[in-house]
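One line per chain: the protein sequences are V and R, in this order. FYI, in my numbering the residues of the first sequence are 61 to 292. FYI, in my numbering the residues of the second sequence are 126 to 452. Ideal Cβ positions, reconstructed from N, Cα and C, are used throughout, including at glycine. In what follows, a single structure is set out as structure tokens and then discussed.
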Amino acid sequence: MLPAIQFEALAEDALLLRFGERIDIELNARVQAATACLRQRLPQLECVPAYASVLLRFDPQHWPGGDPHQQVQAAACAILDAPDPFVIASRELVIPVCYGGEHGPDLAEVSAHCRLDADAVIAHHTAADYRVAMLGFAPGFPYLLGLDPRLAVPRRPDPRQRVPAGSVAIGGSQTGIYPETLPGGWQLIGRTPMRLFDITANTPSLFTPGDRVRFEAIDEDQFRDLAATNPA
Amino acid sequence: MNVTVIKPGLLSSLQDAGRSGHAALGVGRAGAMDPPAWQLANALVGNVGSEAAIECTLTGPSLRFEQAAVIALTGAPITARVGERSVPMWTTFHLAAGSVLHLGGMVSGFRSYLAVRGGFDVPTLLGSRSSDLHARIGYDRGRALRAGDVLPVGTAAALPGFTAGYDVQQLDWSLDPQPWFDFAQRPLALLCGSHWSQLDAASQQLLFSGKFSLSKDSNRTASRLDGHMLQLRAPLELISEAALPGTVQLPPSGQPIALLAEAPVTGGYPRIGQIAMVDLPRLAQRRPGDTVCFRETTLDEALTRLAAHRQRLARLLGTIAQRLERT
């Protein structure tokens, strides 16, 4: 039997559903399935999935006749107790990455820390299947689950002021991609020419929570060619 | 119709009700830091939608109105003049074509709003014209206004009672800034957050009895609170969860941080409190160095105050619309 969901009223217009307290791929899969169900059945709520929780934001005025948090909680429980049998069709995205060199200035450091040669780091990073656990930090920034534990490295003691857009990075046991040029403290092992976030597009974010992701190594020339077709 | 920015002021940006519904993509709401003041400024010029207005911070911009315009100023008391004539706040004001509006400093408070009839008509991105200065979304990649910017204004029918030809015209009535602007700086109502119980006993007490002051590193993303360092009984290792405007976080440094309109959508610091929604605009009106203190509230009380506040605002918006029609 699955552990019970904990509910916490965060604000007048917000209720948090917590499924657990760990970063775990199975737990996050429950979060994504619950988010999909809740969105379909209670479209008036805004659902924000994270590693092990879903935030529900609502307008308390739209839940008249008593405690709005209790009503939202009851509605959510009714849905999650009798989930739709449908399986969420998660997409798989293959992200080309040029590892090392100027695009991955910390690859050598990661390789030294992990006692693996650079090719092995790349091989482990491209071999894994990742899941987008949530988007945060900046618009379109995917927090990916599934990093090979052998590649875990501490964050940099001196965060960079400017991490280039597209940088693929490792921070602790997590891996992610910087959608824009941003300050950041993760270790940069490579860079993708893909554009992750475009506010003017119909679907602004390349990733959505729940997506499956793989990385594919490309060389400098392929990076340049792809970058030319995906102007930022 | 265009408005040209001659001087930008300390930090002026275009804001509306914000970009809601996109937190799952990592996109926060942004929007006006003092939403009732923003909404009342729009109402006073007869805007009915979520039009963008200029949010000024501490000192306002100087603007040239290329054509005649109807404007309103609300929020923190700010000096404003056109030529020798001072422009009153909390009312509707007519500017002749070519007028230069000089907004100066604020007597108290931190943010004033300038609305124009028709609204500043910059492109809408994910349902909003707000500039998210932190995420760099909005007008010209989400930046503050600069000298030389030319801001388009949407078209709107003339407001009854305001006809071109006079130099300046204003209504013979204005709104009482109270309770929309808090001159008394009373304590802010705070809900105990999930990790409040993890604070040590002295810190639990200090949160509600201590006087904090707003740090100079405060911005539209967060207010840092100086004055007292708070401590947990034991360090907490948390995983990131959704974060909200109004959340008071406690990072390892012990300095509490209140998240504001441009809060990131996720966060991993302990949550020691949540500021009541009704009191968030009052925090937005505190300037660096101002005192901030908290009183404990309950979810019931916070919801009751929110409902009353919304009713009062809705009634006032209705009254303004009626009176503008009759003017």
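Taking the straight line between their C-alpha atoms, what separation do you get for Pro312 of chain R and Pro381 of chain R? Within the second sequence, residue 312 of chain R is the residue found at index 187, counting from 1. Within the second sequence, residue 381 of chain R is the residue found at index 256, counting from 1. Each residue's alpha carbon lies about 16 Å from the other.
Taking 8 Å as the limit between beta carbons, can you name the residues of its chain near Arg268 of chain R, skipping five residues before and five after? The count along the second sequence starts at 1 and reaches residue 268 of chain R at position 143. Non-local beta-carbon contacts of Arg268 of chain R in its own chain, meaning distances under 8 Å to residues more than five positions away in sequence, involve Ser138, Ser256, Leu258 and Arg261 in chain order.
Would you mind sorting Gln436 of chain R into buried or exposed? The rule is 16 or more other CB atoms within 10 Å of its CB. Position 311 of the second sequence, counting from 1, holds the residue named residue 436 of chain R. Exposed.
Within 8 Å, do at least three Cβ pairs link the region 245 to 265 of chain V to the region 214 to 223 of chain V? A contact exists between the region 214 to 223 of chain V and the region 245 to 265 of chain V.
Is it buried or exposed for Ser233 of chain V, if we count other Cβ within 10 angstroms and need 16 for buried? What you label residue 233 of chain V is simply residue 173 of the first sequence in a count that begins at 1. Counting Cβ neighbours within 10 Å, Ser233 of chain V comes out exposed, since fewer than 16 surround it.
Quick one: using the 10 Å Cβ neighbour count with 16 as the cut-off for buried, is Trp215 of chain R buried or exposed? Within the second sequence, the letter at position 90 stands for residue 215 of chain R. Taking every protein chain shown into account, the CB of Trp215 of chain R has 16 or more other CB atoms within 10 angstroms, so this residue is buried.
Using a Cβ-based criterion (distance less than 6 Å to any ligand heavy atom), does Ala409 of chain R qualify as near the ligand SAM? Questions concerning the ligand SAM fall outside what the structure shown contains, since it holds no ligand whatsoever.
Excluding the 5 residues flanking Gly244 of chain R on each side, which residues of the same chain have their C-beta closer than 6 Å to its C-beta? On the second sequence, position 119 is the one that residue 244 of chain R refers to. The beta carbon of Gly244 of chain R lies closer than 6 Å to those of Asn172, Glu176, Ala177 and Gly279 in the same chain, with the five residues before and after it left out.
Quick one: which chain V residues come within Cβ less than 8 Å of Met402 of chain R? On the second sequence, position 277 is the one that residue 402 of chain R refers to. The contact set of Met402 of chain R on chain V, defined by CB atoms closer than 8 Å, consists of Ala71, Glu72 and Asp73 in chain order.
From Gly252 of chain R to Pro120 of chain V, what distance separates their C-alpha atoms? To locate residue 252 of chain R, count along the second sequence from 1; it is residue 127. To locate residue 120 of chain V, count along the first sequence from 1; it is residue 60. The straight-line gap from Cα to Cα measures roughly 21 Å.
Could you tell me whether the region 313 to 333 of chain R touches the region 216 to 227 of chain R, using the rule of 3 or more Cβ pairs below 8 Å? With a cut-off of 8 Å, the region 216 to 227 of chain R and the region 313 to 333 of chain R do not count as touching, because too few Cβ pairs lie within range.
Does the region 130 to 140 of chain V touch the region 395 to 411 of chain R, meaning 3 or more C-beta pairs lie closer than 8 Å? Fewer than three pairs of CB atoms, one per stretch, sit closer than 8 Å, so the region 395 to 411 of chain R makes no contact with the region 130 to 140 of chain V.
Spatially closest choice to Arg236 of chain R from R:Pro161, R:Asp342 and R:Val247, by CA coordinates: As a working note, residue 236 of chain R is residue 111 in the second sequence. Residue nearest to Arg236 of chain R within the set R:Pro161, R:Asp342 and R:Val247 is R:Pro161 (criterion: CA-CA distance).
Within chain R, the residues that Val108 of chain V reaches when beta carbons sit closer than 7 Å: In the first sequence, residue 108 of chain V corresponds to position 48, counting from 1. Chain R residues near Val108 of chain V: Ala148, Ala149, Ala367 and Val390.
Just to make sure I have the definition right: I need the residues of chain R whose C-beta is within less than 7 Å of the C-beta of Gln100 of chain V. Which are they? Residue mapping note: residue 100 of chain V aligns to position 40 of the first sequence, counting from 1. Within chain R, not a single residue places a beta-carbon under 7 Å from that of Gln100 of chain V; the smallest gap is close to 14 Å.
Touching by the beta-carbon criterion (3+ pairs, under 8 Å), the region 146 to 156 of chain R and the region 183 to 203 of chain R: No, because fewer than three Cβ pairs between the region 146 to 156 of chain R and the region 183 to 203 of chain R fall closer than 8 Å, the two stretches do not touch.
On the three-state DSSP scale, how would you describe Thr452 of chain R? The residue labelled residue 452 of chain R in the question sits at position 327 within the second sequence. Thr452 of chain R carries a coil assignment under DSSP once its states are collapsed to helix, strand and coil.
Less than 7 Å between the C-beta atoms of Ser338 of chain R and Asp351 of chain R, yes or no? Translated into the one-based positions of the second sequence, residue 338 of chain R becomes position 213. Translated into the one-based positions of the second sequence, residue 351 of chain R becomes position 226. For Ser338 of chain R and Asp351 of chain R, yes; Cβs fall inside 7 Å.
To test your reading of the DSSP string, which unbroken alpha helix (DSSP H) runs of 4 or more residues are found completely within the region 326 to 351 of chain R? Entirely contained in the region 326 to 351 of chain R, the alpha helix (DSSP H) runs reaching 4 residues are, in chain order, 326 to 334.
Skipping 5 residues on each side, what residues in its chain have a beta carbon closer than 6 Å to that of Met354 of chain R? Position 229 of the second sequence, counted from the first residue, corresponds to residue 354 of chain R. Correct list, in chain order: Gly379.
Restricting to Cα atoms, I'd like to know which of V:Glu68, V:Ile65 and V:Glu72 is closest to Ala427 of chain R. Numbered from its first residue, the second sequence carries residue 427 of chain R at position 302. Minimum Cα distance to Ala427 of chain R is reached at V:Glu72.
Report the partner residues of Gln140 of chain R according to the DSSP bridge assignment. As a first step, residue 140 of chain R is located in the second sequence; it is residue number 15 there, counting from the start. Its beta-bridge partners are R:Ala178.
If you reduce the DSSP assignment to three classes, tell me which class Gln104 of chain V lands in. Position 44 of the first sequence holds residue 104 of chain V. Coil at Gln104 of chain V, not helix or strand.
Starting from Asp184 of chain V, trace the alpha helix (DSSP H) both ways and give me its first and last residue. For this step, residue 184 of chain V is matched to residue 124 along the first sequence. This sequence places His at residue 184 of chain V; Asp is not what is there. In the DSSP annotation of this structure, the continuous segment of the alpha helix (DSSP H) that includes His184 of chain V starts and ends at Ala178 to Ala187.
On the three-state DSSP scale, how would you describe His434 of chain R? Here residue 434 of chain R refers to the residue found at position 309 when the second sequence is read from its first residue. DSSP places His434 of chain R in helix when its eight states are reduced to three.
The alpha helix (DSSP H) that contains Thr289 of chain V, what's its start and end? Here the question's residue 289 of chain V lines up with position 229 in the first sequence. It spans Glu280 to Thr289 - the alpha helix (DSSP H) in which Thr289 of chain V sits, taken as one unbroken run.
What would DSSP say about Tyr394 of chain R, mapped onto helix, strand or coil? Counting from one through the second sequence, the residue named residue 394 of chain R turns up at place 269. Collapsing the DSSP output to three states places Tyr394 of chain R in coil.
For Pro156 of chain V, the first and last residue of its enclosing beta strand (DSSP E): As a working note, residue 156 of chain V is residue 96 in the first sequence. That run of the beta strand (DSSP E) goes Glu152 to Tyr159.
Among V:Gly231, V:Tyr238 and V:Pro209, which residue has its Cα nearest to the Cα of Arg222 of chain V? Translated into positions along the first sequence, residue 222 of chain V becomes position 162. Nearest of V:Gly231, V:Tyr238 and V:Pro209 to Arg222 of chain V, Cα basis: V:Tyr238.
Are Val195 of chain R and Leu296 of chain R touching if we call contact CB-CB under 7 Å? Taking the second sequence and counting its residues from 1, one reaches residue 195 of chain R at position 70. Taking the second sequence and counting its residues from 1, one reaches residue 296 of chain R at position 171. Going by C-beta atoms, Val195 of chain R is not nearer than 7 Å to Leu296 of chain R.
What are the partner residues of Ser211 of chain R, as DSSP defines its beta bridges? Position 86 of the second sequence, counted from the first residue, corresponds to residue 211 of chain R. Ser211 of chain R pairs with R:Arg206.
Given Pro124 of chain V as reference, the closest of R:Arg448, R:Ala368, R:Ala432 and R:Thr452 once Cα atoms are compared: Numbered from its first residue, the first sequence carries residue 124 of chain V at position 64. Just measuring C-alpha positions, the residue of R:Arg448, R:Ala368, R:Ala432 and R:Thr452 sitting nearest Pro124 of chain V is R:Ala432.
DSSP on Asp73 of chain V, reduced to helix/strand/coil? Taking the first sequence and counting its residues from 1, one reaches residue 73 of chain V at position 13. Residue state, collapsed to three classes: coil.
Among residues of its own chain, excluding the 5 on either side of Ser224 of chain R, which ones have a beta-carbon nearer than 7 Å to its beta-carbon? Mapped onto the second sequence, residue 224 of chain R falls at position 99. Closer than 7 Å at Cβ, skipping near neighbours: Phe190 and Val207.
Cutting at 6 Å between CB atoms, please list the residues of its own chain near Gly250 of chain V, excluding the five before and the five after it. As a first step, residue 250 of chain V must be located in the first sequence, where it is residue number 190. The beta carbon of Gly250 of chain V sits closer than 6 Å to the beta carbons of Val157, Cys158, Tyr159, His163, Gly164 and Val228 from its chain, once the five residues preceding and following it are set aside; these are given in chain order.
Taking CB distances under 7 Å as the criterion, tell me whether Ser171 of chain V reaches chain R. Mapped onto the first sequence, residue 171 of chain V falls at position 111. Not closer than 7 Å to any Cβ of chain R, the Cβ of Ser171 of chain V fails to qualify, so no.
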